[in-house]
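Taking it in order: structure first as structure tokens, then the write-up.
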Amino acid sequence: MVTSLSIAVTIYALRSRKSAMKYCASIECKLAVEDLTSLLDPQIKPCDDFYQHVCGRPENKTFGGASLTASALEDLLFFVQRLLLYQRKKDLKKEPGVVQLATTFSTCYVFATSPKPLDEASLAAAVANDTDILPANDFASVLRRVVWLSLHRGISTLFRAGVITYIGDLALYVSRGKPLSEKLAKRTDGTSLQEFVLSLFEGAFVNTPMVRNLDANATVTRLLEFDKNLRSETRYAADEEMYGIRKEAFMEQYIGGRDWMGFVNSLLPSTSQLQERSVVLVSDADMIKKPVNELRKDINLGAIYILLHVAAEIGRFYSIPPSQVTKACLQMTEEVLPPQLSNVFNNLTARATSDPSRAGAVFFRVRKVFAKHPLKQGMREVSFLSNLNLHVHRTAIGIWPNGSGWRPNETTDASPAVFPKMHGVLKVREALRRLMDPPSLEQTTLTQNLLATDAAYSRPLNEIFLPPSLRRQPALYSGEVPIEFDMGTVGVLLAMQMVRANAPSQNGSQEWYDKNIGAFGRCAKQSEAKTIASQIDALPANQLHELFIRTYSLRVVQDAVSSYYNVHRYASNFKAVWKEVQRILFRRFCLLSCGNSERIDKTDASSQLDCLVPVLNMPEFYEAFQCTGVEAAAMGNCASLS
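Position one of the sequence shown corresponds to residue 10 (the working numbering), numbered consecutively onward.
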């Protein structure tokens, strides 16, 4: 009787599991699938070139894969910008944290984006008095330094802010060897940029009536003539590449390149040619006097030179996207306000991000797999990994600490013009306050990662910090969306931090490295894909280490997704669903590796390796996309779970 009952229960259970799986039934899921599909290049088969299939989208696509997380942060920053600028106008006496955050941010933001004439005397005096902002070590200080230089040296008195913004963008476009004709053809504010440029040239100089009579059409024609002679093979750095080097070095290398110098010399008399090393910089007023005096002999050519060359330095900082200004101002706010600011920021962004429990579900599934499969010769105990926590949010404090931030009368009288000077005052106040009440390790770590686009592991706290941007679409979808969407992106980022958490101390690092990274490298170099093998062979140790972390993390995540769907393995449509699940997982993963949308090409070897090596390392990839023959023999399983 017992045996018969057992058989009956077993048969019933098997039959019940054969019912069709419900997959992607919600509207959110269907929209997410459509969004992912729209990013793919249908002309390239996944088995032929998976990187180009995911990353090499048609020209009309503006989404760059590497910006998957960056765009999430930009979207969040836009939300914060609107919220704080709005909160600044409200009476928030009961919320001192919001008042401090909104006041500091809004004065910084309006200061950086002010449309007023840049030669305003009060603003110039305020900036000139703040010596704390002179070192150009980061984006925020560079921004303020350029404003200070342009005001203090009197150079910007020739222009209005609108001219600097648009002509500066045009100057950079030309100086990088890009076709000016294409730039002029683009529409701006309902009109073509060419028409807009013509109107700007006609009224560009505020204090020089003669220039208002210049022939704008002849000026644009001259630019187009030079445009034809630009050498297309010249490569220039992206804007963000300047942040790691001195501003003068960047200008000399890129803005002062041969093409740009050729343009300037074409405007100068033969007796006054600029040499390769004699780059004219706004930051040195003496160097600009001679060429400007020469160019004023021909006022038309002088206008071109002054507008384009000077704006190339000043304009680049005034034509930056609002999200970059927002980020810079938030970072500056963090410097001068207590660490509790991070709590206030988290509360403000809570409405813009998905439920933290959504990220928690991803984290716990990944941690469960990793605890079962720690790295070979890992120096961390299983209990250590089991106790690893995810930090996503903390409740805001109720009382703002005394001795820091703006005084009540200062918040009332705050204006953009006083921001540079007040920034120095606030830094001193906060430094004195922290002597009495140093921030905790948790506060410091959270503040450091508040505006990050990646998860971060803290060894002393044994916690992984997930910044708000990674709980913002499209990095982490909210609502009824299958788990593989989140696992392919945030799940991988969390798994990579778990690999770092499992890394040994310095004493046992050599054996650990050989058992893991060394073995992975030796295996990958034997790949049937000779191009990939040669690229891996040329990688330095640190890049090989990162590639291993990414590859092992994808393996962990795939196992977590497999465990999640394994309960449905007897369903009649399981094979079809599972194939689609894995395809989404691998495509979402590769999006994390794509290059910037403006730089996607087959020479981006690093991005290609980050995408291809992990997926080609997995038999499940070939199964999901039905790759056969030589395609399926590209790599062995070089990073299997321990």
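We put the beta carbon where it would ideally sit given N, CA and C, even for glycine. On a predicted model such as this, the values are computed, not experimentally measured, just so you know.
- Rounded to the nearest angstrom, the gap between the Cα atoms of Gln482 and Ala81 is 6 Å.
- For Ala423, the CB contacts under 6 Å within the same chain, skipping 5 residues up- and downstream, are Thr112, Thr116 in chain order.
- Scanning its chain for C-beta atoms nearer than 7 Å, with the 5 sequence neighbours on each side dropped, one finds around Pro469 the residues Leu450, in chain order.
- Secondary-structure assignment with DSSP links Ala465 through a beta bridge to Phe474.
- The three-state reading of DSSP puts Leu650 in coil, since its state is none of H, G, I, E or B.
- Using a Cβ distance threshold of 7 Å, Val345 and Ala569 do not count as a contacting pair.
- Taking Ser478 as the centre and dropping the five residues before and after it, the same chain places the C-beta of Ala81, Leu82, Leu85, Thr462 closer than 6 Å to its C-beta, in chain order.
- If you ignore the 5 residues before and after Ser332, its C-beta comes within less than 7 Å of the C-beta of Glu83, Leu86, Phe87, all in its own chain and listed in chain order.
- Pairing Ile558 with Tyr579, the inter-Cα distance amounts to about 33 Å.
- Ala542 sits away from Leu503, with the two beta carbons spaced by 7 Å or more.
- In the DSSP annotation of this structure, Asn582 is not part of any alpha helix (DSSP H), being labelled neither H nor E.
- Its Cα nearest to that of Lys430, the residue Trp415 stands out among Trp415, Leu444, Glu43.
- Annotated three-state conformation of Asn398 is strand, per DSSP.
- The Cβ-Cβ distance between Leu594 and Gly497 falls below 7 Å.
- Arg416 carries a coil assignment under DSSP once its states are collapsed to helix, strand and coil.
- Per DSSP, His554 is one residue of the alpha helix (DSSP H) stretching across 550-574.
- For Thr560, the closest alpha carbon among the candidates Val576, Gly530, Ser572, Val108 is that of Gly530.
- Setting aside the 5 residues that flank it on each side, Ser351 is surrounded in the same chain by Leu455, Thr456, Leu459, each with a C-beta closer than 6 Å to its C-beta; the list follows chain order.
- Secondary structure at Met445: helix, using DSSP grouped into helix, strand and coil.
- Per DSSP, the continuous alpha helix (DSSP H) segment holding Ser518 begins and ends at 518-522.
- Beyond the five residues adjoining it in sequence on each side, Phe474 comes within less than 6 Å, by CB distance, of His400, Asn458, Ala465 in the same chain, given in chain order.
- No Cβ-Cβ contact shorter than 7 Å links Val566 with Val371.
- Within the stretch 30-90, the runs of alpha helix (DSSP H) that reach at least 4 residues and sit entirely inside it are, in chain order, 36-48, 59-64.
- With fewer than 16 other Cβ atoms from the protein chains shown falling within 10 Å of its own Cβ, Tyr95 counts as exposed.
- Setting aside the 5 residues that flank it on each side, Leu49 is surrounded in the same chain by His62, Val63, Arg66, Arg596, each with a C-beta closer than 8 Å to its C-beta; the list follows chain order.
- Taking all protein chains in view, the Cβ of Ile36 is surrounded by fewer than 16 other Cβ atoms within 10 Å, so the residue is classified as exposed.
- Counted as a single uninterrupted DSSP element, the alpha helix (DSSP H) harbouring Arg509 occupies residues 501-510.
- In this structure Gly412 is exposed. Its beta-carbon is surrounded by fewer than 16 other beta-carbon atoms within 10 angstroms.
- A direct Cα-Cα distance of roughly 29 Å separates Glu104 from Gly369.
- Counting the other Cβ atoms within 10 Å of the Cβ of Ser602 gives 16 or more, which makes it buried.
- When the beta-carbon positions are compared, Leu384 and Ala510 stay at least 7 Å from each other.
- In this structure, Arg592 keeps its C-beta atom at 7 Å or more from the C-beta atom of Ala550.
- The C-beta distance from Thr362 to Arg480 rounds to 4 Å, short enough to meet the 8 Å contact threshold.
- Residue state for Met627 is assigned as coil, using DSSP reduced to three classes.
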